[in-house]
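The sequence shown begins at 107 in my numbering and counts up one residue at a time. We put the beta carbon where it would ideally sit given N, CA and C, even for glycine. To keep things clear, I will list the structure first and then write my remarks on it.
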Amino acid sequence: MANINQPSNSNRKNSALSNQSSPNAKDKGKEILVMTVNIRDGQKDQIIVHEADNPEDLAYQFARKHSLPKRIENALIHQILHEIEVLIQEEDDKTQEIISQNPSKAASPKKSHNPIFQRIQDKVSSKSNNSPAISSSFISAARQKSANYGEYLYTKELQHKEQKELLNQKWIEMKQEAEGKELTFKPTINTSLASTKRSTGKCEESLLSREADRQQKLAQEVERKFIEEKAKCPFSPKLNKMSNKILQQIGRNGVGNIWNDLYEEAKVREAKREEMSVQGFRKTFTFQPEISDVFPHESGTGVVERLLSAKQERDNKIEHQRSINNLPIDQNTGQELFKPAIGRPPASDRNRKEVPVGEYLYKLKKKPVKPLDFPHQPVDMEGKKRTSRVVEKMKIERYFEIFQMLSPDMQGCISFENINRNKVDPKILKVIKPLLEELEGYGQPLNFQEVCDALDNLSKTLTPLDKSVITLKKREEKIIESEPLSLKKSISHDSLNRTNIYERGMQNKELRAAKLEKERLQFAERQVQGCTFSPKIKEYKPEHSYYY
């Protein structure tokens, strides 16, 4: 990879003052720039730029000499141009500094009739003769033609822009050529489209001209074909003698053009044909309605009156239909319809004392609301209530046993200091340990009711196994007395009376079904107890019978 080292100001100055030793140095002009390029592995070389040198040629020769790729060559071109621009800018800055520092010396001491800008330009040019000439032939020609320094700067900027555009254009062309070498497809371009693109006029004008040319060519082709067909046709019609006489007579009478006469005759014939067709249509279809009358005939009544009468008729029909539908007798059975009792007073007092609404609603909130009995709700069975009472009784008895284990005093209260842990069952002691810790922190005795409430709250946080320890009684283990061994077969009395599992399940199922049926009958009797309505049910006889 080649590295380009930018030259310092001293290199530029020394290179500008020194001349090239080659024989072509006079042709190229003075040396203005020396660039040192680091090629690879410490290898270095210099590029010497003269006034008349072309940056592209210098970069090409340097790249060919050291076998550098194309992208390095392009980078060298841009770097040389950049350094030349910097050098020109430095010379311009020096000239401006001389003019600004010595404005009095810019003018000649002798009186001259030249303009002031001409005298300043002459002074600057005389001082700059010692410095190397950096500008190109184009800039020097512009300096000779124009004495204004601003115009010179403007010309130099234009030249710089043109050179930059040329370099960009060359770069684009080189890139396209490199890409085009890899492509094998060559499209065929239509000549008409190419001519359209080359035309400098507007698109509309080019299209119109092309259409005019096409029409002209088409007309020429039609005329050519007609001439060819006419030359090939040998037929020449023979006119009738009577036709010739008629034509001669028409010519003598001075009648107009025959084509106009034929056209007028055709118009008269068409009118007669239409008249005959209309007459035939009227004879065929005798009914002829008046279709030209667009608006309806006026009536004696106005629009509003007719709308009101139509609305009245519609209301009468609706009222008549409602009267038929709202008869108090059923049209099918002839019986009087059932009339429920409505408008009865409320079952409860509705703020008869006229208390404030807020207080009245607050009192209603405190009253327990009884759930309504609906047929779809589950039946409230008496057996369930009995079972819950038995379970509650067993739980209270179990709580009392635990209370007795905790060593209550004469007043029926327990305290943490009086508890003897040796008398308490280890399983129960493990479960009620949180309760004992709370009792220790509380520091006051508890009676039986408070202990029951505490055990209920504790059971809500326990697992089912731990909960059964404090709620269910411990089964008493039966002590089986040992009997002397005998060789006789002994059959248990319970095993003789024991039934099958399926039979026991069926018996339990029948008992449950009987209980449910009894509860349903009681519920139905409670519902019909206050009802006095007894409907009459007619025997239904279907008109048609279907057998499958």
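Going by C-alpha positions, VAL328 is about 36 Å away from ARG375. Taking 8 Å as the cut-off, the beta carbon of VAL557 is found no closer than this to the beta carbon of PHE522.
In this structure, THR577 lies near ARG504, with their beta-carbon atoms less than 8 Å apart.
The beta-carbon separation of LEU512 and ILE525, rounded to 5 Å, stays under the 8 Å limit for a contact. Considering only ALA318, ILE435 and HIS184, the residue with the shortest C-alpha distance to LEU272 is HIS184.
In the three-state reduction of the DSSP assignment, MET141 falls in the strand class. Partner residues in the beta bridge of VAL155, as assigned by DSSP, are LEU139. With fewer than 16 neighbouring CB atoms inside 10 Å of its own CB, LEU470 falls in the exposed class.
For the set LEU289, TRP365, ARG170 and GLU162, the Cα lying nearest the Cα of ASN274 is the one of GLU162. In the displayed model, LYS171 falls within a helix according to three-state DSSP. Counting only residues of its own chain and dropping the five nearest sequence neighbours on each side, VAL530 has a CB closer than 6 Å to the CB of MET511. Taking 8 Å as the cut-off, the Cβ atoms of ILE435 and GLN441 count as close. The shortest CA-to-CA distance from ASN144 to any of LEU433, ALA169 and GLU396 is the one to ALA169. Per DSSP, reduced to three states, the secondary structure at ILE278 is helical. Contact check for LEU139 against ILE190 passes: the beta carbons are separated by less than 8 Å. The beta carbon of ASN553 lies closer than 7 Å to those of GLY518 and CYS519 in the same chain, with the five residues before and after it left out.
Contact between VAL497 and ILE534 is absent: CB atoms are separated by about 19 Å, not below the 8 Å threshold. Here GLU263 is exposed: its Cβ has fewer than 16 other Cβ atoms, across all protein chains shown, within 10 Å. ILE607: member of the alpha helix (DSSP H) spanning 607-634, first to last residue. Listed as beta-bridge partners of ILE538 by DSSP are no residues whatsoever.
When beta bridges are read from the DSSP output, GLN202 appears opposite no residue. DSSP places LYS150 in the strand class (E or B) of the three-state scheme. Straight-line spacing of the CA atoms in GLN265 and LEU187 works out to 13 Å. Beta-bridge annotation (DSSP): LEU552 is paired with ILE520.
Under the rule that a run must span 4 or more residues, the alpha helix (DSSP H) segments found entirely inside the stretch 339-419 read 347-359 and 364-390. Separation of PRO532 and TYR608 (C-alpha to C-alpha, rounded to the nearest whole angstrom) is 41 Å. Spanning the alpha carbons of ALA372 and ARG320 requires a straight line of approximately 38 Å. About 5 Å separates the beta carbons of ASP572 and VAL537, which is inside the 8 Å limit, making them a contact pair. Around the beta carbon of ILE153, a 10 Å sphere encloses 16 or more other beta carbons of the protein chains shown; the residue is thus reported as buried.
Under DSSP, the beta-bridge partners assigned to GLU442 are ILE435.
A direct Cα-Cα distance of roughly 32 Å separates VAL155 from GLU285. Straight-line spacing of the CA atoms in LEU289 and LEU182 works out to 29 Å.
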